[in-house]
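K.L.:
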Amino acid sequence: MKEKLIPYFAYELFWDSSKLATLNPQNSLFRSSNNCSFFTLRFVKNCYPKIAKSLNRASIWLLILTSLFLLSACGRKMDPTLEDYLQPEAVEKLNLSATYDKILISWSYPEKAKAKIESFLIERENKGEKKTIGYYDKNTTLLEDKNFTFGESYRYRIFAIRPKGIYSKPTEAVITPLKLPEVENLRHQVTPQGVMLSWKISNSSNYYNIYRINQKGERVKIGATDKNFFLDELLYSTITAFTSHSINYVITTSIHSESTYIESKGTYITIPIDSFMPSKPEEVFWAINEQGVYLSWKEVSEKWIKGYKIYRKSAGEKDFKLIGETMIPLFCDFEYNSNIIKSPIYYKINTEGPMKESEPVEIKAFLEGS
1 MKEKLIPYFA
11 YELFWDSSKL
21 ATLNPQNSLF
31 RSSNNCSFFT
41 LRFVKNCYPK
51 IAKSLNRASI
61 WLLILTSLFL
71 LSACGRKMDP
81 TLEDYLQPEA
91 VEKLNLSATY
101 DKILISWSYP
111 EKAKAKIESF
121 LIERENKGEK
131 KTIGYYDKNT
141 TLLEDKNFTF
151 GESYRYRIFA
161 IRPKGIYSKP
171 TEAVITPLKL
181 PEVENLRHQV
191 TPQGVMLSWK
201 ISNSSNYYNI
211 YRINQKGERV
221 KIGATDKNFF
231 LDELLYSTIT
241 AFTSHSINYV
251 ITTSIHSEST
261 YIESKGTYIT
271 IPIDSFMPSK
281 PEEVFWAINE
291 QGVYLSWKEV
301 SEKWIKGYKI
311 YRKSAGEKDF
321 KLIGETMIPL
331 FCDFEYNSNI
341 IKSPIYYKIN
351 TEGPMKESEP
361 VEIKAFLEGS
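For the sequence shown, counting from 1, position 102 maps to 102 in the working numbering; every step adds exactly one.
(1) Taking the alpha-carbon positions, what's the S198 to Y236 distance?
(2) For the segment 129-205, which segments carrying the alpha helix (DSSP H) assignment without a break, of at least 4 residues, lie completely within its bounds, in sequence order?
(3) Apart from the five residues on each side of it in sequence, which residues of its chain come closer than 6 Å, Cβ to Cβ, to N248?
(4) Do I117 and Y136 have their C-beta atoms within less than 8 Å of each other?
(5) As a quick exercise: from G292, K131, I328, E359, pick the residue whose alpha carbon is nearest that of A365.
(6) By DSSP's criteria, V284 is part of a beta bridge. Which residues make up the other side?
(7) Are at least three pairs of beta-carbons, each pair with one atom in the segment 219-236 and one in the segment 163-176, less than 8 Å apart?
(8) Measuring alpha carbon to alpha carbon, tell me which of A113, V174, E89 ends up nearest N126.
(9) Looking only at its chain, what residues have a beta carbon closer than 8 Å to the beta carbon of K114, apart from the 5 residues adjacent to it on each side?
(10) Can you list, in chain order, the residues of its chain with a C-beta nearer than 7 Å to that of F331? Leave out the 5 residues immediately preceding and following it.
(11) What three-state label does DSSP hand K227 in the structure shown?
(12) Alpha helix (DSSP H) containing S237: first to last residue?
(13) T253 and L180 look like a contact to me (Cβ under 8 Å); what is the Cβ gap, rounded to whole Å?
(14) Quick one: what's got a C-beta closer than 6 Å to T260's C-beta in the same chain, skipping five residues either side?
(15) Is the segment 187-196 in contact with the segment 152-160, if contact means three or more CB pairs nearer than 8 Å?
(16) Going by other Cβ atoms of all chains shown within 10 Å of its Cβ, with 16 needed for buried, is S108 buried or exposed?
(17) For F150, which option in N350, S202, I103 has the closest C-alpha, if you only look at C-alpha atoms?
(18) Hey, how far is the Cα of Y347 from the Cα of W304?
(19) Can you tell me which residues form a DSSP beta bridge with F331?
(20) Along the chain, where does the alpha helix (DSSP H) containing K364 start, and where does it finish?
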C-alpha cells in the first residue's frame, strides 16, 4: 500500500500544479515551478525506494509541505521580471539655455517612473557629428556644457535607461547660442521706493533680466522686463545687509522660445549706499501739558529709512543729546512737562537712513510767559 501512495501523491501534486498554471498562466509561481515540484517527489520514489517504502502518512505530508516550499522558492529564483525588459518612459521635455560661457541642459522625470530606471544618457550632435556627453545618475536633472561656439547649432538627446540596459525613446532639443548685444547707457536714480535702473534699448524684441549681486558674489535674479527701466523696491534691512557699502546690479539681455533660452553676459552698475540720503521731517507740531512734551511731524516719503532720531537741549546746554528713536512720526518727552519747564526746550529731529541722517528740523518748545 505504501508503495502506491508515493507515486499517487507525486502525480496529484504535479497534476494540481499544472492545473493551476493552466488556469492562471500569468502566475509566475506556478508557471515556472511545476518541474521543480514533480522532480522532488519522483526523485524520492525512483532513487530512494527503500526510504519510500518506509514512509508513513506523517512523513508523506512533511514531504508534500517541503515540496511546496521548494516550489515557491524555485519560482522566485528562476522567474525573470518582464517589466525589467520593457522600454522605459521617455523624458517628457528637454530644456536648453545658453549664457555667455555655458549651455545648461535640464529635465525632469516622474518619481514613479524614476524608481524603474538606473541612469540617463546624454548625447550631443554638432555639424553631423554625434558625441556622448556621459551617463548620469537617475537623480540628475541639470548639467553644463561649456564646449560650444556662438552661432553654431547643437542638438541634444536624452535617454532613460533601465538596469537591464533597455533604452527609452530619445527626447531631443536644439539650441543655437548667440552673442546678444549688451544694454548701453545703464543709469540709476535713488527714489523714495528704492533704485530706478534705466538703459538704452537695442532691440524691442529682447527681454532684460535684473540681478543683484549678493555678499557671496552670486547673481540673484530680482526681476525681468521688456521695458528699458526697472524699479528695485528696497527696505532698510535689505540695504544695510550689504556690508561692502554698495549695491551691485547686473542687467542682461535675453531671448527665449518654448524649449530654449539665450542670455548675454550682462552689464554691471554699482550704487554707493551713502547715496541713500533721506529727506528731513516737515510740518512739525508740538504741545506741552502736564504729562510731557508731545512732538509730531509729517512722515517722510522714503520707504527705506530706519526711523527718526530725537535730540534735545535745554537753554543752559551747549550741545544736543540723543533722547530717543521712533519708527513713527510721533514722540513724547516725559522728562519735561508744564510743571517743570521754566525756559524754552530745544529739539532736533533727524530721519535715519542706511548710512546717513537727514538734515535736522529744529523746534523751540516753550510755555507762554517762560
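We put the CB at the ideal spot given by N, CA and C, even for glycine.
P.N.:
On the basis of the coordinates in this document:
(1) Cα-Cα distance, rounded: 22 Å.
(2) With a minimum length of 4 residues, no continuous alpha helix (DSSP H) run stays inside the segment 129-205.
(3) Closer than 6 Å at the Cβ level, and outside the excluded window around N248, lie I213, T270.
(4) Result no, Cβ atoms of I117 and Y136 do not sit closer than 8 Å.
(5) Nearest option by C-alpha distance: G292.
(6) For V284, DSSP assigns no beta-bridge partner whatsoever.
(7) The segment 219-236 makes no contact with the segment 163-176; the number of CB pairs closer than 8 Å stays below 3.
(8) Taking only the C-alpha atoms, the option nearest N126 is V174.
(9) So the qualifying residues of the chain are K138, N139.
(10) Within the same chain, Cβ atoms closer than 7 Å to the Cβ of F331 are found at L295, I310, G324, the five residues on either side in sequence being excluded.
(11) It is coil, neither helix nor strand.
(12) First-last of the alpha helix (DSSP H) with S237: 236-240.
(13) So it is a contact: roughly 4 Å between Cβ atoms.
(14) These residues qualify, in order along the chain: L96, I175.
(15) Contact fails: fewer than three Cβ-Cβ distances are below 8 Å.
(16) By the 10 Å Cβ count, S108 comes out exposed.
(17) Answer by Cα proximity: I103.
(18) It is roughly 24 Å from the alpha-carbon of Y347 to the alpha-carbon of W304.
(19) According to DSSP, which records beta bridges pairwise, F331 is partnered with L295.
(20) Run containing K364: none in the alpha helix (DSSP H); it sits in the beta strand (DSSP E), 361-365.
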